[in-house]
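Quick notes on the structure that follows.
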Amino acid sequence: MEIWVNPACSKCRSAVRLLDEAGAEYTVRRYLDDPPSPAELRRVLDRLGLEPWDITRLREPQAVELQMKSWPREAAERERWIEALSAHPKLIQRPIITADDGTASVARSDEAVREALGRGD
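Just add 14 to wherever you are in the sequence shown, counting from 1, and you've got this note's numbering.
Next comes the structure, spelled out in structure tokens:
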């Protein structure tokens with residue numbers, strides 16, 4: 015199990031606390047320091063069953079500057095979104111947990127973290 019975190023994020027800190035309390039084995043990826051490549055983002059998106067615009071923080075200053083809210087949300091534009099997320103990792107919704115069973119989740123709630131824990135067994 016791996017969790018992508020921003021240490022400044024309260025939801026990330028909460029997710030890590032829940033993982034620790036459960037005694038889970040996991041690795042932490044500080045994705046702002048170690049941004050995912052476009053290929054990694056594609057794999058995680060496939061595991062999430064989501065599109066890049068689904069995990070984009072559109073209110074971040076970089077997203078506003080890039081005018082991402084107006085970008086088309088269609089298959090032909092998918093790579094543009096992925097490249098932007100890789101170049102500007104702060105735009106990626108967090109935390110993301112990749113479970114050992116091949117699934118992933120955006121674990122913004124305690125319930126989502128617990129679900130990921132159940133899949134990680």
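Cβ atoms here follow ideal geometry from the backbone N, Cα and C, with glycine treated the same way.
Check: Reduced DSSP category for S123 - H, G, I as helix; E, B as strand; rest coil; Outcome: coil
Check: C-beta atoms of P66 and I111 nearer than 8 Å; Outcome: no
Check: Secondary structure of W95, DSSP reduced to three states; Outcome: helix
Check: Length of the line joining the Cα atoms of L146 and V127; Outcome: Any answer about residue 146 is impossible in this case: the structure gives the chain only from 15 up to 135.
Check: Contacting residues, own chain, Cβ-Cβ under 7 Å from S51 (five flanking each side not counted); Outcome: S100
Check: Stretch-stretch touch, CB-based, cutoff 8 Å, three pairs: the segment 63-83 with the segment 22-38; Outcome: no
Check: Cα-Cα separation between E39 and A98, rounded to whole angstroms; Outcome: 31 Å
Check: Span separating the alpha-carbon of M15 from that of A113; Outcome: 5 Å
Check: Assigned exposure category for A89 - 16 Cβ within 10 Å defines buried; Outcome: exposed
Check: Local Cβ density within 10 Å of A121, reported as buried at 16 or more and exposed below that; Outcome: buried
Check: Opposing strand residues paired with L42 [DSSP bridges]; Outcome: The displayed chain sequence assigns Val, not Leu, to residue 42. Answer is I17, bridged to V42.
Check: Unbroken beta strand (DSSP E) run spanning I111, endpoints; Outcome: 110-112
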